[in-house]
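Quick notes on the structure that follows.
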Amino acid sequence: MRGHLFDNLGEVASLLREGPIGLLLDLDGTISEIVPQPDEASVSPSIKAVLRELSRSLPLVSIITGRSAGQARDIVGVEDLVYVGNHGLEWIIDGRETLAEEASPYLPSMRRLLVLLREKLPLEGLFFEDKGGSFAIHYRHAPDPGVARESILKAIEELAQGEVRTLMGKAVVDVLCADVSLVKEFPLFGAILIGDDVTELDSFRAAGKLSSEGGFAFKSIAVVSADSPPELKSEAELTLLSVAEVERFLVWLADKTDLDSGFHRND
Ligand SMILES: [Mg+2]
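For our numbering, count along the sequence shown from 1 and bump the result up by 26.
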């Protein structure tokens, strides 16, 4: 964490000048206030208005949430956004729940794939991390990490036959059915990610991996309060302090991208 976003707006401005940028927003605690009952969550009319504006000037504005995609759309109520629900398993694009039906049948096959990979791969130095909808295979402690990496990728290719996506990290292969790297589906140079909880770390890390592979830039922004998880504070590049500040930033971004809209739309 390097400081408050409003003290570092120049960093975002230069990101915007580089190429088309996507905006990936968490819902609860980011664009809607945390409420005692989750079904009482709402998004203010002014935030809805600025999101609508941004959906016209940016190639991608997405809400990413642990709620169902449909529930997120009902709460936010802006049609032109991409809603990614249930931690990446459900998507609504162009008003249609495009991947929702495809994602859930993947879950049993992901479980099967994990079992098969455990059987097939030499276990020495490998650590399988089961994350529910996805899993990761860490090979940092393998006797020869390069060989381990190759055999992991080969086994995934043979067993999954292109039905899963892999993300390469530092000594880890992430295997995903519904990909958190939504940004790959859009012609983007980079992304701005904003969220307030540990669940956002997945997106921050996925963006970090894409960025380390090259050709992708991002800013990760945490909405922090006294009880924010320490990992979020330490992994985010910049911070905001409230939903009201998120709104202020979105308004700034809308002004900025409106001025640059010719560039963004044509690119
Ligand atoms: Mg949240």
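Idealized CB from N, CA, C, for every residue including glycine.
Remember, it's a predicted structure, so these values are computed and weren't measured experimentally.
Environment of residue i [buried if 16+ CB atoms lie within 10 Å]
i    : result
S40  : exposed
K245 : buried
A95  : buried
H167 : exposed
R99  : buried
E226 : buried
L149 : exposed
R81  : According to the sequence as given, residue 81 is Ser; it is not Arg. Buried, because 16 or more other Cβ atoms sit within 10 Å of the Cβ of S81.
A232 : buried
E79  : buried
A186 : buried
G241 : exposed
V173 : exposed
E66  : exposed
Under 9 Å between C-beta atoms of residue i and residue j
i    : j    : result
A248 : L236 : no
L50  : S229 : yes
L77  : P46  : no
E59  : E263 : no
R138 : G111 : no
G48  : G216 : yes
A142 : F154 : Note that residue 142 is Leu in the sequence shown, not Ala. No.
D52  : I220 : yes
A252 : V201 : no
L258 : I73  : no
Pick from the options that is closest to residue i, judged by C-alpha positions
i    : options                   : result
K180 : P71, V69, L147 and D106   : L147
G55  : E273, P213 and K282       : E273
P171 : S251, V199, G121 and D281 : V199
V269 : Y109, D222, E184 and R93  : D222
S260 : Q63, V224, E44 and I101   : V224
A280 : R28, L42, D33 and G29     : L42
F212 : S88, I73, Q63 and S70     : S88
I90  : A186, G103, Y109 and I73  : Y109
V190 : Y165, P134 and I218       : P134
M136 : E105, L152 and I182       : I182
A197 : Y165, T283, L185 and V173 : Y165
G239 : T192, D253 and S254       : In the sequence as presented, Gly is not what sits at residue 239; that position holds Glu. Closest by alpha carbon: T192.
P64  : L107, W117, R122 and Q97  : Q97
A243 : L214, E257, I118 and L152 : L214
Listed in chain order, which residues are found with a beta carbon closer than 6 Å to a heavy atom of ligand 1? Answer in sequence order: D52, D54, G55, T56, G221, D222 and D223.
Can you list the alpha helix (DSSP H) stretches of 4 or more residues lying completely in the stretch 27-66, in chain order? For the stretch 27-66, whole alpha helix (DSSP H) runs of length 4 or above, ordered along the chain, are 35-44.
Counting only runs of 4+ residues fully inside the stretch 200-259, write out the alpha helix (DSSP H) ranges in chain order. 225-239
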